[in-house]
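In my numbering, the protein residues as written are 24 to 361. Single-structure report; data block below.
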């Protein structure tokens with residue numbers, strides 16, 4: 024009979040433990056990035072931060088326009104800052120989808136009031152009407168759009184269970200290259216993923232050239248045995264300049280994770296295999312990657328994604344999952360005094 028194993032010791036070898044000083048160094052590394060590049064401690068003067076502020080501000084009016092019964096003059100305190108941000112970004116050559124979206128939202132705001140015979144807030148009416156008049160008939164996105172239930176029902180007439188059950192982490196690939204056009208299409212689809220206040224902080228870096236792919240993968244330990252057959256490698260990051268309050272200190276990981284999952288589903292819909300290669304690394308390895316590749320310090324690395332063409336038949340991990348009953352429960356109020 025073999026000797027009983029020391030399970031605690033085996034678990035320690037599997038996931039080496041960090042001492043308190045190492046834990047603090049890693050948290051300090053993340054905290055310093057967040058406080059340096061977000062507008063939490065002070066306003067970041069970078070145009071990217073102002074763009075983020077503009078999107079958040081005008082999106083609050085978009086949400087008002089999408090309410091069942093918006094009130095006349097809603098969002099008044101946001102309007103002048105929106106107009107000022109549009110002017111500053113455009114005058115400095117930083118016009119973008121954010122400034123166009125803000126203009127479209129302002130036009131929709133005016134139109135909403137005019138269509139219903141409601142008065143615009145007198146404090147901003149002159150500025151608003153001047154902005155809208157200057158836009159002429161040019162097409163600007165922003166505001167609200169109308170959907171109907173039939174449209175959604177028709178768009179969802181497919182076997183979703185089969186779609187998600189056939190999405191697995193793949194480690195068998197043909198070795199064929201993946202076209203940049205296919206990656207771009209998947210990224211465009213993934214952009215629809217919800218993000219905080221509609222701010223676009225998600226970024227994707229792609230490596231297609233085999234030599235570049237292999238060099239990038241040499242900084243990651245989770246691709247042995249199949250990485251050399253990938254057709255592309257993606258790195259998903261989030262721009263910390265888009266955040267502005269302490270409550271968002273972990274939001275980048277959330278928004279980036281949501282985006283990464285949508286991207287994997289989009290690649291699956293494009294008949295490509297994927298494998299999430301998590302970037303759960305300490306600050307030393309994180310900095311080592313940044314020293315080798317042009318990933319800005321104001322971005323946090325969420326995950327790698329290996330992408331490739333599928334062979335005719337291949338094995339994947341069974342990965343048994345719990346039932347919904349093991350995950351889902353009714354939230355309860357905590358008894359007072361407990």
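For each residue, glycine too, the CB sits at the ideal point set by N, CA and C.
- Inter-segment contact for the segment 235-244 and the segment 337-347 is absent: fewer than three beta-carbon pairs are separated by less than 8 Å.
- For residue 338, DSSP assigns no beta-bridge partner whatsoever.
- In this structure the segment 90-100 touches the segment 142-159; the number of beta carbon pairs closer than 8 Å is three or more.
- Looking at 62, 133 and 214, the one whose alpha-carbon comes closest to that of residue 147 is 133.
- For residue 143, there is no enclosing alpha helix (DSSP H), as DSSP gives it neither H nor E.
- Per DSSP, reduced to three states, the secondary structure at residue 297 is strand.
- By the C-beta criterion, the segment 203-218 is judged not to be in contact with the segment 310-326, since fewer than 3 inter-stretch pairs fall below 8 Å.
- Using a Cβ-Cβ distance cut-off of 8 Å, the segment 289-303 and the segment 326-336 are in contact, since at least three pairs of beta carbons, one from each stretch, lie closer than that value.
- Taken atom to atom, the span from the alpha-carbon of residue 180 to that of residue 155 is near 40 Å.
- Per DSSP, reduced to three states, the secondary structure at residue 87 is helical.
- In the three-state scheme derived from DSSP, where H, G and I count as helix and E and B as strand, residue 326 is classed as strand.
- In the three-state DSSP reduction, residue 135 falls in the helix class (H, G or I).
- Of the candidates 152, 305 and 357, the residue whose Cα lies closest to the Cα of residue 49 is 305.
- Taking the C-beta atoms as reference points, residue 195 is found no nearer than 8 Å to residue 264.
- For residue 249, the CB contacts under 6 Å within the same chain, skipping 5 residues up- and downstream, are 194 in chain order.
- Here residue 268 is not near residue 74, since their CB atoms are 8 Å or more apart.
- In this structure, the straight-line span from the alpha carbon of residue 215 to that of residue 291 is close to 16 Å.
- Inclusion of residue 109 and residue 151 in the CB contact set at 8 Å is not warranted, their separation being larger than that value.
- A check of alpha carbon separations from residue 129 across 32, 183, 107 and 273 identifies 107 as the nearest.
- Per the coordinates, the alpha-carbon of residue 283 lies some 26 Å from the alpha-carbon of residue 80.
- Unbroken alpha helix (DSSP H) runs of no fewer than 4 residues, entirely contained in the segment 233-283, are found at 233-240, following chain order.
- The shortest C-alpha to C-alpha distance from residue 86 to any of 349, 114 and 165 is the one to 165.
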